[in-house]
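K.L.:
For the sequence shown, counting from 1, position 84 maps to 84 in full-length UniProt numbering; every step adds exactly one.
All C-beta atoms, glycine included, are put in the ideal place defined by N, C-alpha and C.
Just dropping this structure here.
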Amino acid sequence: MHLMKYLEKCPSGADPQRTPEGNIAWCTNDTDCSERHSCTAIDGLMHFGIQIRYCCPTRMSICLLPPQPGYGDCDNKKPKLMYYFDATRLRCQPFKVLECLGVNQNRFNTEEECVAQCERTACKAGESLLVEDGAVRLCGAEACPPTYICRYDALFRRHVCCGYSSLGNFVK
């Protein structure tokens with residue numbers, strides 16, 4: 001990817017919010033951004049020694065987008081198998097994408113990327129969702145184990161345990 005195009009992306013790979021003039025919206029805090037965006041630091045990008053921050057789409061705003069596989073002839077491109085988050089089923093689903101016209105950001109190269117982005121929306125960066133016997137560990141009346149904290153998942157409207165395993169490894 002061309003360096004300038006790379007620098008014009010959010011850490012998730014999503015497109016940042018734009019000003020009415022078409023420039024990337026810079027910010028210092030979330031109140032500088034529209035409702036579905038949050039102020040996000042862009043690693044390695046500085047301006048006179050100050051960390052540059054873009055208004056990037058929130059995970060929830062991306063995950064709630066409807067699936068759009070694209071359309072058009074796209075120079076005879078073959079459809080690519082990708083994954084999207086199905087907000088009705090609350091699960092990541094496979095679909096074929098043309099990657100030309102009419103696609104949105106609710107598309108991921110792997111099921112793992114989709115799960116990390118959309119099924120684990122309560123956890124903060126670096127934390128993992130606690131999964132026991134294939135099920136998400138819910139919390140509330142029942143506390144989370146040590147090294148985990150109970151967080152509210154606004155997308156799923158439930159409380160879940162997020163954090164780190166006691167071995168220091170991320171839980172998948």
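Rounded to whole angstroms, how far is the Cβ of residue 56 from the Cβ of residue 94, which I believe are closer than 8 Å?
P.N.:
Residue 56 sits at position 56 when you count from the first residue of the sequence shown. Residue 94 sits at position 94 when you count from the first residue of the sequence shown. Going by Cβ atoms, the distance from residue 56 to residue 94 rounds to 26 Å, so no, they are not a contact pair.
K.L.:
Just how far apart, CA to CA, sit residue 236 and residue 128?
P.N.:
What the structure shows of the chain is the stretch from 1 to 172, and residue 236 is not part of that stretch, so it cannot be assessed.
K.L.:
Taking DSSP's pairing of strands, which residues face residue 107 in a bridge?
P.N.:
Residue 107 sits at position 107 when you count from the first residue of the sequence shown. According to DSSP, which records beta bridges pairwise, residue 107 is partnered with nothing at all.
K.L.:
Could you spell out the range, first to last residue, of the alpha helix (DSSP H) harbouring residue 63?
P.N.:
Within the sequence shown, numbered from 1, the residue matching residue 63 stands at position 63. First-last of the alpha helix (DSSP H) with residue 63: 59–63.
K.L.:
First and last residue of the beta strand (DSSP E) that includes residue 93?
P.N.:
On the sequence shown, residue 93 is found 93 positions in, with the first residue counted as 1. Note, residue 93: beta strand (DSSP E), 91–97.
K.L.:
I'd like the list of long-range same chain contacts for residue 3, defined as Cβ closer than 7 Å, with 5 residues on each side in sequence excluded.
P.N.:
Within the sequence shown, numbered from 1, the residue matching residue 3 stands at position 3. Any reading at residue 3 is ruled out, since the residue's pLDDT is 41, under 50, leaving its predicted position unreliable.
K.L.:
Taking residue 51 as the reference, give the member of 123, 79, 26 and 91 with the closest Cα.
P.N.:
In the sequence shown, the residue the question calls residue 51 occupies position 51. Taking only the C-alpha atoms, the option nearest residue 51 is 26.
K.L.:
Grab me the residues of residue 144's own chain with a C-beta within less than 6 Å of its C-beta, minus the 5 sequence neighbours each way, in chain order.
P.N.:
Residue numbering aside, residue 144 sits at position 144 when the sequence shown is read from its first letter. The answer, listed in chain order, is 150 and 161.
K.L.:
Under DSSP, the beta strand (DSSP E) around residue 24 begins and ends at which residues?
P.N.:
One-based indexing of the sequence shown puts residue 24 at position 24. Careful: residue 24 lies outside any beta strand (DSSP E) and carries neither H nor E.
K.L.:
Between residue 42 and residue 14, what straight-line distance do the alpha-carbon atoms span, to the nearest angstrom?
P.N.:
Position 42 of the sequence shown holds residue 42. Position 14 of the sequence shown holds residue 14. Between residue 42 and residue 14, the C-alpha separation is close to 12 Å.
K.L.:
Give every residue of the same chain whose Cβ lies closer than 8 Å to the Cβ of residue 124, excluding the five residues on either side of it in the sequence, and list them in chain order.
P.N.:
Reading the sequence shown from its first residue, position 124 is the one you call residue 124. Once the five neighbours on either side are set aside, the close Cβ partners of residue 124 are 151 and 162.
K.L.:
Just to confirm, is the Cβ distance from residue 63 to residue 83 under 8 Å?
P.N.:
Reading the sequence shown from its first residue, position 63 is the one you call residue 63. Reading the sequence shown from its first residue, position 83 is the one you call residue 83. In this structure, residue 83 does not lie closer than 8 Å to residue 63 by Cβ.
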